[in-house]
Amino acid sequence: MVTLVISPGTLLDTCQQLKTDPALSFDYLACLTSIDRQDHLEVAYNLRSLTHKHEFCLKVRLPRDTPEIPTVTSIWKGANWHEREAYDLMGIHFQGHPDLRRILLPDEWEGHPLRKYYVYEPDDVPSEQGPPEHLLIQLEGVE
Numbered sequence: 703m704v705t706l707v708i709s710p711g712t713l714l715d716t717c718q719q720l721k722t723d724p725a726l727s728f729d730y731l732a733c734l735t736s737i738d739r740q741d742h743l744e745v746a747y748n749l750r751s752l753t754h755k756h757e758f759c760l761k762v763r764l765p766r767d768t769p770e771i772p773t774v775t776s777i778w779k780g781a782n783w784h785e786r787e788a789y790d791l792m793g794i795h796f797q798g799h800p801d802l803r804r805i806l807l808p809d810e811w812e813g814h815p816l817r818k819y820y821v822y823e824p825d826d827v828p829s830e831q832g833p834p835e836h837l838l839i840q841l842e843g844v845e
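For the record, in the sequence shown the residue sitting at position 132 is 834 according to this note's numbering, with numbers rising by one throughout.
Below you can see the structure in the form of structure tokens.
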């Protein structure tokens, strides 16, 4: 897959052009993921053109101590939960995100467990008596 590495400052203009240029038409964000490269973090955008049937990977490198990048939710609405996951698990701040909060871990969780230097302290994990009530589903005839 062709990959291009760009700076955070050019992200929005680059993404807008990749989506709207008729010769490119990258209209589908297949995946947004984050990677810890030890000396920096990366956000990778796997893009597809449903029109032209081609794909492309865009990467942005971020400093470990201030991982901030603009949100692309105004370009691809599907980026919303991908960005929340990268925020929750890697600590990447997506500036301008409409609802940047944890998506998997409890609000009181400290740190970002997918970072290479994250230290897991079992005693620090809040204990619960099962899953939160809002995650439970009642199925008819099932106890």
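Glycine is no exception: its CB is placed at the ideal position from the N, C-alpha and C atoms. Remember, it's a predicted structure, so these values are computed and weren't measured experimentally.
- Nearest neighbour of Leu-764 by Cα position, chosen from Gly-798, Asp-741 and His-814, turns out to be Asp-741.
- In the structure shown, the three-state DSSP call for Gln-719 is helix.
- Only residues of its own chain outside the window of five on either side were considered, and among them Ile-737, Lys-761 and Arg-763 have a CB closer than 6 Å to the CB of Glu-744, listed in chain order.
- Met-792 places its beta carbon 8 Å or farther from that of Leu-807.
- One Cα belongs to Glu-810, the other to Asp-723, and the distance between them is close to 43 Å.
- Non-local C-beta neighbours of Val-774 in its own chain, meaning closer than 6 Å and more than five positions away in sequence, comprise Cys-717 and Ala-781, ordered along the chain.
- Distances from the CA of Gln-797 to each of Glu-770, Glu-823 and Lys-779 were compared; the closest alpha carbon is that of Glu-770.
- Counting every other CB atom within 10 Å of its CB across the protein chains shown gives Ala-725 a total below 16, marking it as exposed.
- Per DSSP, the unbroken alpha helix (DSSP H) holding Arg-786 starts and ends at 781 to 792.
- Remark: C-beta atoms of Leu-731 and Trp-778 approach each other more closely than 8 Å.
- About 6 Å separates the beta carbon of Lys-721 from that of Asp-729, a gap short enough to meet the 8 Å contact definition.
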